[in-house]
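A.B. asks: Residue numbers (UniProt numbering), protein chains in the order written: chain A, 1 to 171; chain E, 1 to 171.
The beta-carbon is built from N, C-alpha and C at its ideal position, and this holds for glycine as well.
Predicted, not measured: the structure shown is a model, and the values here were computed from it.
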DNA sequence: TCGGGCACGCAAGATTATTGCGTTCCGGCG
DNA sequence: CGCCGGAACGCAATAATCTTGCGTGCCCGA
């Protein structure tokens, strides 16, 4: 279980990470100006975030509706047999299906929440059939078609800056 | 309604966009090598994607569990009064709450699906109380605590490359 | 058949990122 | 109480990357 204790973050770290998770396109100079640090100091911190796995990757976010019609759906799923192997197989199918944006295993009567993105209602329907109806280990599933995307993103609420790591040599 | 007809995309466009939405950290040189184009040609295409709004932004993705304990939840919500104004107010609250990662308005008995990210179970609970219990226009809501994140991301399945835009001057 | 539009590659030129170095601050230890 | 090592900083030089101007080839429409 790769869980080295969460690195201690000072206020500047939190500011930087928050800036980056909202817009990773800025220059080191800009970032530095924002948090009051030189470009090289900013660069070194960011390198550390990467090394520590705080930043996993950097992605371009596409606008679904600029690619023509797009159908989103949230699907609630309950498996029939709950064996370890069945769960594994289901998860693997979700991971390997490009139209599956997100998949969470959850507590309660439902086992999974799945977010789908398809190019048409027809594809969305087919997808539901293929992923859930054709699987005879799915007890029940319910498709919640998305009318409107109010908010989207993967931004995390960052923990308040821990007062630790107070030793630093800036003026 | 700002909907200029979706730009036609050739196979290279699709490849580039797909590469970018999975890893926007590559250099123009790398991307060019991948799709068989010079760095400058790649740069010009990407500039166009931005101008056309295909790429909305570029973000760093953080690993929730590297920041210490993290609690995710999917919440299903049904409003009481369905007036336009009530919907607007709810949406605005979702947008302005950092712990709300995603919020979709959906068809069916439930009105919204909301994805929450909190630093602790306690914060998650408080958040539910603040966002939903304290709102007397919420008829009912159900919290699905996330046990495991099987898959996450915002990647779109890209449409098959349209054969259009076949005129281009590359060797 | 000719001309315009468009995308390309190449090669400067401009910007940005990276690294080496010397300095300061802090905490631990003799 | 003073010294030493570690960590982070700023500055400046270097390296890498991005951006842009220019000339060329291709396709389409006139």
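Taking residue 15/E as the query, report the chain A residues whose CB atoms sit under 9 Å from its CB, ordered along the chain.
C.D. replies: On the second chain, residue 15/E is found 15 positions in, with the first residue counted as 1. The premise fails here: residue 15/E is roughly 13 Å from chain A at the closest Cβ pair, so nothing lies under 9 Å.
A.B. asks: At the 8 Å Cβ level, is residue 34/A part of the contact set with chain E, yes or no?
C.D. replies: Counting from one through the first chain, the residue named residue 34/A turns up at place 34. No, because no Cβ of chain E sits closer than 8 Å to the Cβ of residue 34/A.
A.B. asks: Could you check if residue 148/E is buried or exposed, using at least 16 other CB atoms within 10 Å of its CB as the buried criterion?
C.D. replies: By one-based count along the second chain, residue 148/E stands at place 148. Flag for residue 148/E reads exposed.
A.B. asks: Does the distance from the CB of residue 70/A to the CB of residue 102/E come in under 8 Å?
C.D. replies: In the first chain, the residue the question calls residue 70/A occupies position 70. In the second chain, the residue the question calls residue 102/E occupies position 102. The answer is no: Cβ separation not under 8 Å.
A.B. asks: Could you check whether the Cβ of residue 84/A sits closer than 8 Å to any Cβ belonging to chain E?
C.D. replies: The residue you call residue 84/A lines up with position 84 of the first chain. Chain E contact via Cβ: absent.
A.B. asks: Closer than 7 Å by C-beta to residue 97/E: which residues in its own chain qualify, once you throw out the five before and the five after it? Chain order, please.
C.D. replies: Here residue 97/E refers to the residue found at position 97 of the second chain. Cβ neighbours of residue 97/E beyond the five flanking positions: 131.
A.B. asks: Please report whether the beta-carbon of residue 74/A lies at a distance below 8 Å from any beta-carbon of chain E.
C.D. replies: Translated into positions along the first chain, residue 74/A becomes position 74. Yes, contact with chain E.
A.B. asks: Using a Cβ-Cβ cut-off of 7 Å (strictly less than) and excluding sequence neighbours within five positions of residue 113/E, which residues of its own chain qualify?
C.D. replies: Along the second chain, one-based indexing puts residue 113/E at 113. Once the five neighbours on either side are set aside, the close Cβ partners of residue 113/E are 74, 76, 104, 106.
A.B. asks: Strictly by DSSP, which residues pair up with residue 148/E?
C.D. replies: The residue you call residue 148/E lines up with position 148 of the second chain. Residue 148/E pairs with 105/A.
A.B. asks: For residue 28/A, collect the residues of the same chain with a Cβ closer than 7 Å to its Cβ; drop the 5 residues on either side in sequence, then sort them by chain order.
C.D. replies: Translated into positions along the first chain, residue 28/A becomes position 28. The residues are 39, 42, 43.
A.B. asks: Where does the unbroken alpha helix (DSSP H) through residue 57/E begin, and where does it stop?
C.D. replies: Mapped onto the second chain, residue 57/E falls at position 57. Element bounds for residue 57/E: not the alpha helix (DSSP H) but the beta strand (DSSP E), 55-62.
A.B. asks: Within the chosen definition, does the region 124-144 of chain E reach the region 1-20 of chain E through at least 3 CB pairs nearer than 8 Å?
C.D. replies: No contact exists between the region 124-144 of chain E and the region 1-20 of chain E.
A.B. asks: Return the chain-ordered list of same chain residues with a C-beta closer than 8 Å to the C-beta of residue 146/E, the five sequence neighbours on each side being excluded.
C.D. replies: Position 146 of the second chain, counting from 1, holds the residue named residue 146/E. Answer for residue 146/E: 71, 72, 73, 74, listed in chain order.
A.B. asks: Helix, strand or coil: which one does DSSP assign to residue 160/E?
C.D. replies: Along the second chain, one-based indexing puts residue 160/E at 160. Coil.
A.B. asks: Grab the span of the alpha helix (DSSP H) containing residue 28/A for me, first residue to last.
C.D. replies: Here residue 28/A is taken as the residue at index 28 of the first chain, counted from 1. Where residue 28/A is concerned, the enclosing alpha helix (DSSP H) stretches over 28-35.
A.B. asks: At least one CB of chain A closer than 8 Å to the CB of residue 138/E: is that the case?
C.D. replies: Taking the first residue of the second chain as position 1, residue 138/E is located at position 138. False, the Cβ-Cβ gap to chain A never drops below 8 Å.
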